[in-house]
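Visitor: Following this message is one structure expressed as structure tokens.
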Amino acid sequence: MSLAEHEAVVASEDIYSESGIKLLAKGKPLSPVLRERLLLQRLRRPLEACLAPAQGVAATDIGQIAHELIESWPILAPLCLDEGRPWPLSWLAQVPVNQVTALLLSVSARAGAGVLRHAVLVTLVALGLARRMQASPEVMRTLAIAGLLHDVGELYVAPEVLSSRADLSLDDWRALAVHPLTGAKVIEGIAGLGAPVALAVLQHHERHDGTGYPRRLAGAAMSPAAKILATAEAMAGLIPGPEESSLRASVAFKVITSDHAPAVVAAVRSVLNEMSDAPDVEMTPLEAVVEIHRLIAYIGDVFMVIELAGERLATPGAQALLGDIEARFTELHRAFSRTGLGGVTAGYEVSWLDYESPDEGVAEVAAVAREIRWRLRELARDIALRASSLADDERTVFSTLIGTLTRRR
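Note that numbering that gives the first Met the number 0 has the sequence shown beginning at 0, numbered continuously upward.
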């Protein structure tokens, strides 16, 4: 409906109410009055199956975005160029852009800055990793489509939830975490896409170690395409812009690797090893030392809140959840310690940055800190999903823990 405020959207078929009243004839454009009328009615078929943009996103538009990304993002060169030729474009050209997919991609393009570009970026990374792993043509085709549509379920999440992820309640987290299920349901209803595409979208937030969502699948329970897509989205999110170095991605796959399939992680590392870009320096050496001290104190605060929560939780289910959280947080703390930064004390001077250059050390500190905070937010999301079935007083305890994990400093 928002899209129709900016460009022509027409009925792709006759639209009927649930009681059989024709509300809009095929080919007729949406007007403000008709938009309100459709929103107030229960329909025989969902709107995304009945509407189409007059000039929506086409395969050529996707190809153009992909071409621009490959040219501007250094990390895509080793993934997507073969003797200077951007080979993924041929796979993207085969994506069936029918009435429904054109509508969904057009809405994505309007949903916010970079939403469609992010989808194309994830698709390119997924295809590049799959090729390095010598994936089958069927997996490649699945990734080309699923990559573009992997977050289509977010179009059904309230905009205020998407725009305020730093301050989400338990119920908000649940609403956001439903988007893989919603996306899979939508894709199942689109002719020509196939069940493997819906499955990859359903599982793109699952993790190899079983800590993902919505079904906490692990290992072999995930489809081959979903394993690659999940890692591709994580990798794409670690490179915020074309001017950024690959350091954050390198650090992320050093800190914890158990949540992604080993074969896919190996492909990621092979890509990162081929890159030798200069690190991004986000802070001074002194600021880096201060940041490490803050992170150490922050981790101590979380351990204290976990301990206090244990004193307030009585039921076996709540205690089991807290035990799982403590185990995962302890592993994250160990990963932080393995970077060599967890043992920094107040007496350290800037000389502890034992790298080839101060810039390299400072950049790695920033990357480690950012990655640890991101992992803490993922843990908060998992707590929100799993605590939603508990009693109100126990939900309050876990809400306090989520607030600590996601607090702004």
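By construction, the Cβ of each residue, glycine as well, lies at the ideal position given by its N, Cα and C atoms. All values reported here derive from a predicted model rather than from experimental measurement.
Using the rule of at least 16 other Cβ atoms within 10 Å of the residue's Cβ for burial, across every protein chain shown, is Gln93 buried or exposed?
Guide: For this step, residue 93 is matched to residue 94 along the sequence shown. Classification for Gln93: exposed.
Visitor: Using DSSP with H/G/I as helix, E/B as strand and the rest coil, what is Arg406?
Guide: Reading the sequence shown from its first residue, position 407 is the one you call residue 406. Arg406: coil per DSSP, three-state reduction.
Visitor: Starting from Ala24, trace the beta strand (DSSP E) both ways and give me its first and last residue.
Guide: As a first step, residue 24 is located in the sequence shown; it is residue number 25 there, counting from the start. Per DSSP, Ala24 belongs to no beta strand (DSSP E) and is neither H nor E.
Visitor: Pop quiz: Asn272 and Gly191 are said to be a contact at Cβ under 8 Å. What is the actual Cβ separation, rounded to whole angstroms?
Guide: Here residue 272 is taken as the residue at index 273 of the sequence shown, counted from 1. Here residue 191 is taken as the residue at index 192 of the sequence shown, counted from 1. Actually they are not in contact, since the Cβ atoms of Asn272 and Gly191 sit about 38 Å apart, beyond 8 Å.
Visitor: Considering only their Cβ atoms, is the gap separating Val114 from Ser105 smaller than 8 Å?
Guide: Mapped onto the sequence shown, residue 105 falls at position 106. Mapped onto the sequence shown, residue 114 falls at position 115. No, the pair does not count as a contact, with Cβ atoms beyond the cut-off.
Visitor: For Arg376 and Ile20, what's the separation of their Cα atoms in angstroms?
Guide: Indexing the sequence shown from 1 puts residue 376 at position 377. Indexing the sequence shown from 1 puts residue 20 at position 21. Using only the alpha carbons, I get a separation of about 47 Å.
Visitor: With burial defined as no fewer than 16 other Cβ atoms inside 10 Å of the residue's Cβ, what is the status of Ser350: buried or exposed?
Guide: Mapped onto the sequence shown, residue 350 falls at position 351. Its pLDDT being 45, under 50, Ser350 is placed unreliably in this model, and the value from its coordinates should be taken loosely. When all chains shown are included, Ser350 counts as exposed.
Visitor: Of the choices Ala265, Leu68, Ala143, Gly322, whose alpha-carbon is the least far from that of Arg116?
Guide: By 1-based counting over the sequence shown, the position of residue 116 is 117. Answer by Cα proximity: Leu68.
Visitor: Which of helix, strand or coil does DSSP assign to Asp381?
Guide: Indexing the sequence shown from 1 puts residue 381 at position 382. Helix.
Visitor: Can you grab the Cα-Cα spacing for the pair Lys27 / Gly83, in whole Å?
Guide: Translated into positions along the sequence shown, residue 27 becomes position 28. Translated into positions along the sequence shown, residue 83 becomes position 84. Rounded to the nearest angstrom, the two C-alpha atoms are 46 Å apart.
Visitor: Closest by CA to Gln63, which one among Pro85, Ile74, Leu46?
Guide: Residue mapping note: residue 63 aligns to position 64 of the sequence shown, counting from 1. If we check each option's Cα against that of Gln63, Pro85 comes out closest.
Visitor: Look at the alpha carbon of Glu186 and the alpha carbon of Glu137, and state the distance between them as a whole number of angstroms.
Guide: To locate residue 186, count along the sequence shown from 1; it is residue 187. To locate residue 137, count along the sequence shown from 1; it is residue 138. In the sequence as presented, Glu is not what sits at residue 186; that position holds Ile. Answer to the nearest angstrom: the Cα atoms are 17 Å apart.
Visitor: Please name the residue, chosen from Pro261, Gly218, Val200, that lies closest to Glu232 on a Cα-to-Cα basis.
Guide: Within the sequence shown, numbered from 1, the residue matching residue 232 stands at position 233. Closest by alpha carbon: Val200.
Visitor: Looking only at C-alpha atoms, which of His178, Ser168, Glu310 sits nearest to Tyr155?
Guide: The sequence position of residue 155 within the sequence shown is 156, counting from 1. When each option's Cα is compared against that of Tyr155, the closest is His178.
Visitor: In whole angstroms, give me the CA-to-CA distance for Ala145 and Gly218.
Guide: The residue labelled residue 145 in the question sits at position 146 within the sequence shown. The residue labelled residue 218 in the question sits at position 219 within the sequence shown. Approximately 20 Å, taken between the alpha carbons.
Visitor: Quick check for students: name the residue ranges of the alpha helix (DSSP H) that lie wholly in the region 279–330, counting only runs of 4 or more.
Guide: Listed in chain order, they are 284–311.
Visitor: Look at the alpha carbon of Asp258 and the alpha carbon of Ala365, and state the distance between them as a whole number of angstroms.
Guide: Against the sequence shown, residue 258 aligns to sequence position 259. Against the sequence shown, residue 365 aligns to sequence position 366. Between Asp258 and Ala365, the C-alpha separation is close to 22 Å.
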